[in-house]
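Trainee: Starting off with a structure, shown below.
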Amino acid sequence: MKRATLWHAAPVLATIVYAGDRLVALNKPAGVSLATRRAEPHAAVARLLAALPEAERLRYGLAPEDLLLVHRLDVGTSGLVVLARDFEAHRDLARAFGERRVAKLYLALVWGNPKPRAGRWEWPLGPDRSDRRRMRVEPTGRRAVTAFELIARAPHVSLLRLKPATGRTHQLRVHLAHAGHPIVGDDLYGGPRHRGVRDRTLRSTLAPPHPFLHAWFLHLPPTPSTPELILTAPPPADFAAALDTLGIPHPSVEEDPTRGRDRS
502 MKRATLWHAA PVLATIVYAG DRLVALNKPA GVSLATRRAE PHAAVARLLA
552 ALPEAERLRY GLAPEDLLLV HRLDVGTSGL VVLARDFEAH RDLARAFGER
602 RVAKLYLALV WGNPKPRAGR WEWPLGPDRS DRRRMRVEPT GRRAVTAFEL
652 IARAPHVSLL RLKPATGRTH QLRVHLAHAG HPIVGDDLYG GPRHRGVRDR
702 TLRSTLAPPH PFLHAWFLHL PPTPSTPELI LTAPPPADFA AALDTLGIPH
752 PSVEEDPTRG RDRS
């Protein structure tokens, strides 16, 4: 089993976490859209590669037409993104994601103090008919399951580790907002709550230009064409700086109790 880890705070640029013969994993910065149109099948990969330093693209021979996006993150979400180098690897990896054999962990800085400290949300999701940009908890919607665990508390906010068992649009953002703890910086679902913070430094820290939601960890199972991989990537620099300002230690994957357990 191979392991690839970055431990320093990620810069604004994308970084390469793993580059092999069959797949590549990048640490995507917030702000890069992975939306794809049929007329422009390589556009999302091109945008992602454009966030890499040119020297890195050349070193690993990365070109948009040679890579296939295996899964997606919201434009405002940072973190791990996997790309396949060929159709066979793409098929096998996409199947692993679709069959929920990939363990995924996210970090989220959220408003408030969630209680209990750990649990599981099973709230179905559907489109918000009053706002096409949003999803909402909908009893007749699609099944959506998220496990959560409190890592640390600080004034006004908490750091959570999230483990989605399904992959619905905006799932983590909607579940957290519905629980009363929207993600810091997620104005679509939480509004500008930082305005209620009196301390100026803290108020500025809690007003990032993107949600503090980061795809932190992936455990890719072995497939017929790709190796088993454990991938981790640090949150972006502004997320890491916010943790420092709040006095929250940077979490370690080694401490995660969900690792290696049931991924359902």
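Sequential numbering from 502 applies to the sequence shown in the working numbering.
Glycine included, every Cβ here is placed at the ideal spot set by N, Cα and C.
(1) Taking just the CA atoms, how far does HIS711 sit from THR578?
(2) By Cβ distance, which residues of its chain are closer than 6 angstroms to THR771, with the 5 residues on each side in sequence left out?
(3) Kindly indicate if chain D contains any beta-carbon less than 8 angstroms away from that of GLU650.
(4) Judging by CA-CA distance, which residue of SER534, ILE517, ARG523 is the nearest neighbour of PRO725?
(5) When we look at the beta-carbon of ARG699 and count the other beta-carbons within 10 Å, is it buried (16 or more) or exposed?
(6) Residues in its own chain within less than 6 angstroms of GLY521 by CB, not counting five upstream and five downstream?
(7) Figure out for me which residue from ARG586, LEU661, GLY668 has the closest Cα to the Cα of ILE684.
(8) When burial is assigned at 16 or more other CB atoms within 10 Å of the CB, is PRO530 buried or exposed?
(9) Taking DSSP as the reference, what is the three-state secondary structure of ARG760?
(10) Apply the 10 Å Cβ neighbour rule to LEU570 and answer buried if 16 or more other Cβ atoms are within range, or exposed otherwise.
(11) So, for GLU600: in the same chain, excluding its five sequence neighbours on each side, which residues have a beta-carbon less than 7 angstroms away from its beta-carbon?
(12) Where do the ends of the alpha helix (DSSP H) carrying ALA590 lie?
(13) To the nearest angstrom, how far is the alpha carbon of ASN614 from that of GLY692?
(14) Considering VAL675, what are the terminal residues of the alpha helix (DSSP H) in which it resides?
Mentor: Looking at the coordinates:
(1) 7 angstroms
(2) Here the chain comprises residues numbered 502 to 765, so residue 771 is not present and cannot be evaluated.
(3) No chain D appears in this structure, which consists of one protein chain only.
(4) ARG523
(5) exposed
(6) none
(7) LEU661
(8) buried
(9) Low confidence applies here, because ARG760 scores a pLDDT of 47, under 50, leaving its location unreliable; read the following figure in that light. Coil, per DSSP.
(10) buried
(11) none
(12) 588-599
(13) 17 angstroms
(14) 672-679
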